[in-house]
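Taken in sequence, the protein lines are chains A and B.
Taking the working numbering, the leading residue of the first sequence gets 37, the next gets one more, and so forth.
Taking the working numbering, the leading residue of the second sequence gets 37, the next gets one more, and so forth.
We put the beta carbon where it would ideally sit given N, CA and C, even for glycine.
This one's a predicted model, so the numbers in the text were calculated from it and none came from an experiment.
Some notes on the structure that comes next.
Number of protein chains: 2
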Amino acid sequence: MAGYQEAAERIAARIAAGELKPGVKLGSERQLSEQMSVSRLTLRAALIKLEADGLVYGKSRRGWFVSPPRFVYDLGRRANYKTMAAAQERSAQIDLLDSGLAASRELPSCMREHGLTRAFLLRRVRHLDGRSVMFESIYLSAEAVPGLLKHNLADSITELLRDDYRIEIDREDTSVRSALLDSMQAEALAVAPATHGVLIERRRFAAGRLIEFDTEHWLPGAIEIRLSVEP
Amino acid sequence: MAGYQEAAERIAARIAAGELKPGVKLGSERQLSEQMSVSRLTLRAALIKLEADGLVYGKSRRGWFVSPPRFVYDLGRRANYKTMAAAQERSAQIDLLDSGLAASRELPSCMREHGLTRAFLLRRVRHLDGRSVMFESIYLSAEAVPGLLKHNLADSITELLRDDYRIEIDREDTSVRSALLDSMQAEALAVAPATHGVLIERRRFAAGRLIEFDTEHWLPGAIEIRLSVEP
DNA sequence: CCTAGTTCCTGGTATATACCAGATTCTGGC
DNA sequence: GCCAGAATCTGGTATATACCAGGAACTAGG
């Protein structure tokens, strides 16, 4: 009786008991598998399941760690990332990987449907307590934000639109689903290729015009999405 | 050069080309792995990745199938499941697995915090085009809905509350995250044990009182959550 | 023609083994 | 004491093999 389910339960129990604290690195896979008398593949299966459940997370070729609490992403409140993180007593950081005009080939179809032909594309990685947890691609209508690249692009885009361009977002369509990370995203987040994640897509409008299209790939154990509605 | 990534791409290409249509069963794992000149484990890894991306789905011990389009779950519109499914031209069905008073041990903590001591528990499975896609556990405050078990529990609970109990939900707190299915849920949905899924939790209030607590475990490839907000 | 029981097939799980490339650690030279 | 290069360790991937229990298909009996 040495299945991955049992191995997962034993590790989960050690975490629940407080024996292993968030951020702590588990031993190496070979080491753990020997300790628990299972093969390395079985141990790996257990870790991958625990990762999907948000109890541990793996950093590619760097080991497995006990997960901190999920970041709570409130779709209702329009607070920016760093403010939300501060409210949860966590440190946040945004890295700009890439910025420029999107090639017309790679213009998202939803922008083309709205008659847009040119857009800026930003690629960013968001960190939480030093860990990279989200990869985002932001498309901004080039007509709406001329000279975008001269601005600070490593902070809240909402605030940039409001303060520098006087654009107030008045509608936001959000979509959430499960999706794989492509190789660029996986590498940027230092996770195994083809890790699965939570994909949030947002279309943001001002005065009926599509201003921004945004895809956010979150590591699945790192986020919890919340929403309060009053019909 | 025979990795799971390449195998996944080849299968994805066949689906994208329309060669394999939604609902169609792929060959057996042994058969496919031989065709593609990879080991069965490698082929399985490819299928599991494709499943996380929503292109195929596995039914435990029954094979792998090409996924139909995701069910679009609009959090904003308060339409019921069957209506939403009909609008998407899909057939929906709800099975009641279990109903009764919840043991006080298994009363969810959020209900206890609201001073509730007794609740009904319903377990249901929702189907889409004949495929089971979601497992839900519904806790209803026993004070709010006396004699609940005499009613039809295989249809919209919202409508039951409104029509039979004159309870109008005026606030709904929703939470979405990634989570594993437990063995009961996996069995009811006919998927492999410890499959990962999308967990939607809802707390529903009427006149400031918690009426209902609901957990919905969706198969990850079967659902897309949408929301439109106008600040 | 329908049913019950047997057989075969399938996916789910487990093992041992191997190799690669990126991270980390160690070590020798300056 | 610092730095660059080498050796080592680690996770990621791939193979072959094996067994089990649930599903599906077939077959024999009514």
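Residue i versus the options, residue with shortest Cα-Cα distance
i             : options                       : result
residue 71/A  : 46/A, 58/A and 41/A           : 46/A
residue 173/B : 242/B, 126/B, 162/B and 62/B  : 162/B
residue 84/A  : 231/B, 136/B, 253/B and 265/B : 231/B
residue 94/A  : 260/A, 233/A and 226/A        : 226/A
residue 165/A : 245/A, 104/A and 38/A         : 104/A
residue 240/A : 220/A, 207/A, 134/A and 221/A : 207/A
residue 201/B : 187/B, 209/B, 90/B and 97/B   : 187/B
residue 96/B  : 196/B, 211/B, 65/B and 146/B  : 65/B
residue 77/B  : 107/B, 124/B, 40/B and 159/B  : 40/B
residue 91/A  : 261/B, 256/B, 216/B and 222/B : 216/B
residue 178/A : 248/A, 265/A and 159/A        : 248/A
residue 244/A : 203/A, 175/A, 67/A and 183/A  : 203/A
residue 218/B : 254/B, 242/B and 189/B        : 254/B
residue 212/A : 74/B, 106/B, 242/B and 75/B   : 106/B
residue 250/A : 220/A, 256/A, 144/A and 148/A : 144/A
residue 139/A : 175/A, 191/A, 117/A and 209/A : 175/A
residue 171/A : 183/A, 110/A, 220/A and 125/A : 220/A
Residue i - DSSP class collapsed to helix/strand/coil
i             : result
residue 57/A  : coil
residue 67/B  : helix
residue 245/B : strand
residue 82/A  : helix
residue 131/A : strand
residue 235/B : strand
residue 219/B : helix
residue 208/A : strand
residue 257/B : helix
residue 266/B : coil
residue 165/B : coil
residue 172/A : strand
residue 251/B : strand
residue 160/B : strand
residue 199/B : helix
residue 140/B : helix
residue 308/A : One cannot answer for residue 308/A here, as it falls past the ends of chain A, which runs 37 to 267.
residue 230/B : coil
residue 48/A  : helix
residue 89/B  : helix
residue 98/B  : coil
Backbone CA spacing between residue i and residue j [nearest angstrom]
i             : j             : result
residue 86/B  : residue 214/B : 17 Å
residue 127/A : residue 43/A  : 32 Å
residue 54/B  : residue 52/A  : 47 Å
residue 82/B  : residue 99/B  : 14 Å
residue 168/A : residue 131/A : 10 Å
residue 185/A : residue 156/A : 8 Å
residue 181/A : residue 38/B  : 46 Å
residue 199/B : residue 267/A : 17 Å
residue 246/A : residue 263/B : 16 Å
residue 229/B : residue 236/B : 19 Å
residue 205/B : residue 238/B : 12 Å
residue 193/A : residue 49/B  : 36 Å
residue 122/A : residue 222/A : 26 Å
residue 129/A : residue 142/A : 27 Å
residue 146/B : residue 112/B : 23 Å
residue 80/B  : residue 88/A  : 18 Å
residue 60/A  : residue 224/B : 36 Å
residue 63/B  : residue 69/B  : 9 Å
residue 258/B : residue 265/B : 23 Å
residue 252/B : residue 158/B : 12 Å
residue 75/A  : residue 152/B : 46 Å
residue 114/B : residue 119/A : 31 Å
residue 149/B : residue 209/B : 15 Å
residue 191/B : residue 56/A  : 44 Å
Any non-hydrogen atom of the ligand HEM within 7 Å of residue i CB
i             : result
residue 233/A : Absence of the ligand HEM is noted for the structure shown, with no ligands found whatsoever.
Nearest-angstrom Cβ-Cβ length linking residue i and residue j, presumed shorter than 8 Å
i             : j             : result
residue 137/A : residue 154/A : 7 Å
residue 102/B : residue 58/B  : 5 Å
residue 135/A : residue 189/A : 6 Å
Practice problem: Return the residues of the stretch 205-229 of chain A that lie within a Cβ-Cβ distance of less than 9 Å from chain B, sorted by chain order. | Solution: 205, 206, 207, 208, 209, 210, 211, 212, 213, 214, 215, 216, 219 and 229
Quiz item: Residues in the stretch 124-152 of chain A with C-beta within 7 Å of chain B's C-beta atoms, listed in sequence order?
Solution: none
Quiz item: Which residues, in order along the stretch 75-92 of chain A, keep a beta-carbon less than 8 Å from a beta-carbon of chain B?
Solution: 85, 88, 89 and 90
Quiz prompt | Selection of the stretch 101-122 of chain A by Cβ proximity to chain B, strictly under 8 Å | solution = 106, 111, 112 and 114
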